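Working notes, beginning with the structure itself.
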Amino acid sequence: TCKLIIAGVGPQKDALQEKITRLNLNDKVELIGFVKDIPSLMASIDLLVVNSKSEGFSYTILEGLFYTPSLISTPVGIAKEALIPDMIFQEDDLREKVIDVKNHYKDYQSQQLLLREKALASFTTTAATEQLASLYRSVL
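Here the sequence shown is numbered in the working numbering, starting from 1321 and rising by one per residue.
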């Protein structure tokens, strides 16, 4: 059984809900609106899909590395730096990528654990502070 959970609010929410209802997908798709406790939500899902057309840094990818068991993303934000190529898909290939994750879920989970360790070493406040201090020392 699979259920799509969409978190967040925005101007397309009503149109999206109408489409979900029109396609009779209310039992498979849930719009949960604003979520205050993102880490708990991410820890409760099996797969995070970042399906954006454009993003800056993409905190969603970073949070996904820390909290979800598996994630895939379009090539936005830090995706190319933080993820392996198998975790990145083109927007038109979402269906195929989700099927691939389903068929190889344990492999995606294993890769996620390795990338989490890398992210903890690179993207935490402590790591950023150490990198900045090192930069200052090299300049002085």
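Where a beta carbon is used, it is the ideal one built from N, C-alpha and C, also for glycine.
These figures come from a predicted structure and were not determined experimentally.
Compare the Cα-Cα distances from residue i to each of the options and report the closest residue.
i: L1351; options: E1338, E1383, V1396; result: E1338
i: I1325; options: I1392, G1353, R1457, N1344; result: G1353
i: P1389; options: A1448, D1366, L1345, A1439; result: D1366
i: V1370; options: L1385, T1449, S1364; result: L1385
i: T1394; options: T1380, L1382, A1402, K1373; result: K1373
i: V1418; options: E1437, L1435, L1391; result: L1391
Would you report the Cα separation of residue i and residue j, rounded to the nearest angstrom?
i: T1321; j: S1430; result: 22 Å
i: K1333; j: Y1425; result: 30 Å
i: I1381; j: L1414; result: 16 Å
i: A1447; j: A1439; result: 9 Å
i: E1401; j: F1443; result: 11 Å
Is residue i close to chain D, meaning its C-beta is less than 7 Å from at least one C-beta of that chain?
i: L1382; result: Absent from the structure: chain D. Only one protein chain is present.
Could you spell out where the beta strand (DSSP E) holding residue i opens and where it closes?
i: L1460; result: No beta strand (DSSP E) contains L1460, which DSSP labels as neither H nor E.
Please list the terminal residues of the continuous alpha helix (DSSP H) segment that includes residue i.
i: E1437; result: 1425-1442
Could you tell me how far apart the beta carbons of residue i and residue j are, in whole angstroms, since I believe they sit closer than 8 Å?
i: V1349; j: S1378; result: About 23 Å separates the two Cβ atoms, so there is no contact after all.
i: M1407; j: E1383; result: Contact doesn't hold; Cβ gap of about 15 Å is too wide.
| field | Contained alpha helix (DSSP H) runs [length at least 4] in the segment 1359-1407, N- to C-terminal order | value | 1379-1387, 1399-1402
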